[in-house]
Amino acid sequence: MSAQILFYISGSIAILASLFVVTNKNAVHALLYLVVSLLALAMCFYLLGAPFAAALQIIVYAGAIMVLFVFAVMIFNINQTDIDREKHWLTWQSWVGPSLLVMVLLAEIVFVILSNQNWSTNPSSAVQIELVDARAVGTLLFGPYLLAVEIASFLLLAGLVGGYHLAKELPKRTTKDGGR
Amino acid sequence: MTVPIEHGFVLVALLWAIGLVGLLSRKNTLFMLMSMEIMLNAGALAFILAGSLWQQADGQVIYILILSIAAAEVGLGLALLIRLRQHIGDLDIDKLDEMKG
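If you're matching them up, the sequences are chains A and B in order.
For the first sequence, this note's numbering gives the first residue as 249, with consecutive numbering after it.
For the second sequence, this note's numbering gives the first residue as 34, with consecutive numbering after it.
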C-alpha cells in the first residue's frame, strides 16, 4: 500500500513539473522543471519494479540528455529580451484551441483505459511489484533484440554525424550566391 | 504492494496530453523540443508499465531503445536549433516558412 501512495505522489510531481515545463517562460527554469519531472518518473519506474530503467532514467535522461539541453541553452545565450518575447508570444488565446482539442483526446483515452473490463475485473490485473532486474534485461537485449541494438547504434551514429554537420560553422560566402 | 494498472496508464495519458498541449501551443522551438521529451517519457512509462504488468523484461528493453531514440533526437534537434538561432536570431517556429510549402 505504501508503494501505491509513493507512486501517486511521484506521479503527481511528474504531472505538475511537466505543466510547469510547458507553461514556463524562462528556458532554464523549464529545463530544471523537466529534470524534476524525469526524476519523478524514475521514481515511478523504480516503484513499478524496474530499477535498471530507473537508474538509466537518472543517468542518461536526467544526466546526459538534460546536460545537452543546458549546454544548448548556454549557447543560445537566453537574455531578458528572449523572456519578454516569450511573454509576448504566450497569450491565453494561443492555449485555448490546443487545450480544448487535447482535453477531448485525453478524455477519450482515459475513458478507454478505465472502461477496459479486462483490467478492472481480473484480480491479477494490478501490478504485483516484482523485480525485473538488469540481468533479465541484458539477456533479452543482447539475445533476441540484438538486431535492434545494432539499429540503435546506427541511429546514434547518424545523430552524431548529423549533429556535427549541423552545428559546425557556416562557410564564409565569397560570392553572392556561393557557399550554399 | 500493488499499483492499479489503469492509474498508471492514466498517468501516461496525462503526461502525453501535457506534452501535446505544449507542442501545439508554444512558438519557441526549444520548448517544443522539451514537450516532445515529455511525450517520449510518457511512452517510455507505458512500456515500463506493460513490462511490469506481464513480468517481462521486454518493456525495459524497449525503454532502452526509446532512450537511444531520444538521445539521437535531442542531439540533432539541438544542433538544428543552434543553426536556427545563428540564422534568424530567435527560435520562432513561424520564421521557418521560407520554403513557402
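We put the beta carbon where it would ideally sit given N, CA and C, even for glycine.
Please read all numbers here as calculations on a predicted model, not as lab measurements.
Boundaries of the alpha helix (DSSP H) in which residue i is found, first to last residue
{"i": "Val-308/A", "result": "Segment: none, Val-308/A is in no alpha helix (DSSP H) and carries neither H nor E."}
{"i": "Gly-92/B", "result": "91–121"}
{"i": "Arg-333/A", "result": "328–337"}
{"i": "Tyr-256/A", "result": "250–271"}
{"i": "Leu-353/A", "result": "341–362"}
{"i": "Glu-398/A", "result": "394–415"}
{"i": "Leu-279/A", "result": "275–295"}
{"i": "Ile-323/A", "result": "314–324"}
{"i": "Val-385/A", "result": "382–389"}
Residue i - DSSP class collapsed to helix/strand/coil
{"i": "Val-36/B", "result": "strand"}
{"i": "Asn-74/B", "result": "helix"}
{"i": "Asp-130/B", "result": "coil"}
{"i": "Asp-125/B", "result": "strand"}
Exposure label - residue i; buried when at least 16 CB within 10 Å
{"i": "Ala-406/A", "result": "exposed"}
{"i": "Ser-58/B", "result": "buried"}
{"i": "Glu-131/B", "result": "exposed"}
{"i": "Asn-61/B", "result": "buried"}
{"i": "Gln-119/B", "result": "exposed"}
{"i": "Ser-68/B", "result": "buried"}
{"i": "Gly-84/B", "result": "buried"}
{"i": "Ile-399/A", "result": "exposed"}
Proximal residues of chain A, C-beta to C-beta of residue i below 7 angstroms
{"i": "Asp-130/B", "result": "The contacting residues do not exist; Asp-130/B stays about 16 angstroms from chain A at best."}
{"i": "Gly-122/B", "result": "Chain A residues near Gly-122/B: none, gap ~10 angstroms exceeds 7 angstroms."}
{"i": "Met-65/B", "result": "What Met-65/B touches in chain A: nothing, since even the nearest Cβ is about 10 angstroms away."}
Chain-ordered neighbours of residue i on chain A, where CB pairs are closer than 8 angstroms
{"i": "Gly-108/B", "result": "Leu-316, Gly-407, Leu-408, Gly-410 and Gly-411"}
{"i": "Ala-79/B", "result": "By Cβ distance, chain A contributes nothing, its closest Cβ being about 11 angstroms from Ala-79/B, past 8 angstroms."}
{"i": "Ile-115/B", "result": "Ala-320, Ile-323, Phe-324, Leu-414 and Ala-415"}
Chain B contact residues for residue i, given Cβ-Cβ distances below 9 angstroms
{"i": "Gln-252/A", "result": "Met-34, Thr-35, Val-36, Pro-37 and His-40"}
{"i": "Trp-337/A", "result": "Arg-59, Lys-60, Asn-61 and Asp-125"}
Residues that residue i contacts on chain E, provided the C-beta gap is smaller than 8 angstroms
{"i": "Ile-126/B", "result": "Absent from the structure is chain E; the protein chains it does hold are A and B."}
Interface partners of residue i on chain A, CB under 9 angstroms
{"i": "Gly-76/B", "result": "Correct list: empty, because the minimum Cβ distance to chain A is about 11 angstroms."}
Chain B contact residues for residue i, given Cβ-Cβ distances below 8 angstroms
{"i": "Leu-362/A", "result": "Glu-39 and Val-43"}
{"i": "Phe-236/A", "result": "Examination of residue 236/A is not possible in this model, given that chain A is present from 249 through 428 alone."}
Cross-chain neighbours of residue i in chain B, by beta carbon under 7 angstroms
{"i": "Trp-340/A", "result": "What Trp-340/A touches in chain B: nothing, since even the nearest Cβ is about 10 angstroms away."}
{"i": "Pro-419/A", "result": "Result: empty, since nearest Cβ-Cβ is about 13 angstroms, beyond 7 angstroms."}
Evaluate contact between the segment 42–59 of chain B and the segment 113–121 of chain B, counting only Cβ atoms and requiring at least three cross-stretch pairs below 8 angstroms.
Counting Cβ pairs under 8 angstroms, fewer than three are found: no touch.
If contact is defined by three or more beta carbon pairs under 8 angstroms, each pair taking one atom from either stretch, is the segment 300–307 of chain A in contact with the segment 275–284 of chain A?
no
Is there contact between the segment 341–353 of chain A and the segment 66–78 of chain B, where contact requires at least three CB pairs shorter than 8 angstroms?
no
Taking 8 angstroms as the cut-off, does the segment 97–112 of chain B touch the segment 398–417 of chain A (at least 3 CB pairs, one atom from each stretch)?
Of all C-beta pairs linking the segment 398–417 of chain A to the segment 97–112 of chain B, three or more are shorter than 8 angstroms, placing the two stretches in contact.
Okay, do the segment 329–345 of chain A and the segment 34–44 of chain B touch, 3+ Cβ pairs below 8 angstroms being the bar?
Note that the segment 329–345 of chain A does not touch the segment 34–44 of chain B; fewer than 3 beta-carbon pairs, one per stretch, sit closer than 8 angstroms.
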